[in-house]
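One structure is given below, encoded as structure tokens.
Residue numbers (the numbering used here), protein chains in the order written: chain H, 253 to 365; chain U, 26 to 138.
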């Protein structure tokens with residue numbers, strides 16, 4: 253079974269731009285969660301999607317948004333990029349969320365200049 | 026306010042000896058705890074978990090201990106091997122927060138030959 257894939261792996265943007273990151277979950281998994289990882293901060297939860305609906309949301313500003321498609325693939329969008337948005341963005345999939353083991357993709361490294 | 030804390034950013038252990046990674050939490054509602062391991066340029070991978078109804082869970086060289094009264098858990102790796110060098114994250118979840126995972130900042134484990 254193929255693992256979680258994320259594209260692109262690396263991205264460089266400038267302040268004020270917007271960016272869209274993509275995540276393809278493991279086949280059969282319906283829950284997709286997004287995390288931001290910065291040095292020394294661990295993983296900060298952004299949001300979780302299940303069956304195309306946002307089921308859970310972390311404490312991030314509205315510039316961070318996401319969606320999930322009918323095939324469970326998910327996208328995350330960040331508008332009006334700030335320098336502090338530079339981070340590793342990780343996507344994780346699980347069968348149904350809610351305590352299921354999460355399987356992570358390799359992440360997208362976003363650098364904002 | 027960090028609900029899950031890993032107070033040691035790094036730990037160095039001799040190959041063959043025991044590695045002990047610690048994690049403290051503040052939310053008494055947490056009822057499920059997990060350890061993930063992360064290599065550079067890869068997403069975290071699930072290692073071992075424990076439910077709050079247990080105080081120990083073992084899987085091969087990995088054992089997790091939970092002390093609910095102290096709100097403390099630890100991961101023991103015996104014997105430590107070079108491939109164990111990675112960043113280890115502790116995470117916790119609770120039914121009342123829809124099982125959203127709350128993550129520690131990670132501990133970098135270095136196994137010395």
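Built from N, CA and C at the ideal position, the CB exists for glycine as well. These numbers come from a predicted model, not from an experiment.
Opening and closing residue of the beta strand (DSSP E) in which residue i lies
i, result
"residue 66 (chain U)", "It is not in any beta strand (DSSP E) - residue 66 (chain U) carries neither H nor E in the DSSP assignment."
"residue 125 (chain U)", "Looking at the DSSP string, residue 125 (chain U) is not in any beta strand (DSSP E), and its letter there is neither H nor E."
"residue 318 (chain H)", "316 to 320"
"residue 273 (chain H)", "271 to 276"
"residue 342 (chain H)", "339 to 346"
"residue 133 (chain U)", "132 to 137"
"residue 79 (chain U)", "No beta strand (DSSP E) contains residue 79 (chain U), which DSSP labels as neither H nor E."
"residue 330 (chain H)", "326 to 330"
"residue 97 (chain U)", "97 to 102"
Nearest-angstrom Cα separation, counted from residue j out to residue i
i, j, result
"residue 34 (chain U)", "residue 62 (chain U)", "14 Å"
"residue 300 (chain H)", "residue 309 (chain H)", "6 Å"
"residue 80 (chain U)", "residue 53 (chain U)", "15 Å"
"residue 281 (chain H)", "residue 113 (chain U)", "25 Å"
"residue 99 (chain U)", "residue 86 (chain U)", "14 Å"
"residue 319 (chain H)", "residue 302 (chain H)", "10 Å"
"residue 315 (chain H)", "residue 41 (chain U)", "48 Å"
"residue 56 (chain U)", "residue 50 (chain U)", "11 Å"
"residue 270 (chain H)", "residue 330 (chain H)", "6 Å"
"residue 118 (chain U)", "residue 345 (chain H)", "16 Å"
"residue 294 (chain H)", "residue 322 (chain H)", "30 Å"
"residue 257 (chain H)", "residue 32 (chain U)", "31 Å"
"residue 89 (chain U)", "residue 268 (chain H)", "45 Å"
"residue 353 (chain H)", "residue 126 (chain U)", "10 Å"
"residue 317 (chain H)", "residue 66 (chain U)", "24 Å"
"residue 133 (chain U)", "residue 46 (chain U)", "9 Å"
"residue 361 (chain H)", "residue 262 (chain H)", "5 Å"
"residue 336 (chain H)", "residue 288 (chain H)", "11 Å"
"residue 103 (chain U)", "residue 36 (chain U)", "15 Å"
"residue 382 (chain H)", "residue 259 (chain H)", "Nothing in the structure corresponds to residue 382 (chain H), since chain H is present only between 253 and 365."
Beta-carbon separation (whole angstroms), residue i vs residue j, contact threshold 8 Å
i, j, result
"residue 298 (chain H)", "residue 312 (chain H)", "6 Å"
(request) Using a Cβ-Cβ cut-off of less than 7 Å, list which residues of the region 56 to 69 of chain U approach chain H; keep chain order. (result) Answer set for the region 56 to 69 of chain U: 57, 66, 67, 68 and 69.
(request) Mind checking the region 72 to 96 of chain U against chain H and listing, in chain order, the residues whose C-beta falls within less than 8 Å of any C-beta there? (result) Correct list: 74.
(message) Which residues of the region 289 to 308 of chain H have a Cβ closer than 8 Å to any Cβ of chain U? Give them in chain order.
(response) Under the 8 Å Cβ criterion, the region 289 to 308 of chain H contributes 292, 293, 294, 295, 296, 297, 300, 307 and 308.
(message) Output needed in chain order: residues of the region 116 to 136 of chain U with a Cβ under 9 Å from some Cβ in chain H.
(response) Here the close residues are 116, 118, 120, 122, 123, 124, 125, 126, 127, 128, 129, 130 and 131.
(message) Counting only Cβ-Cβ distances shorter than 9 Å, please list the residues of the region 255 to 275 of chain H near chain U, keeping chain order.
(response) Per Cβ criterion, the list reads 255, 256, 258 and 261.
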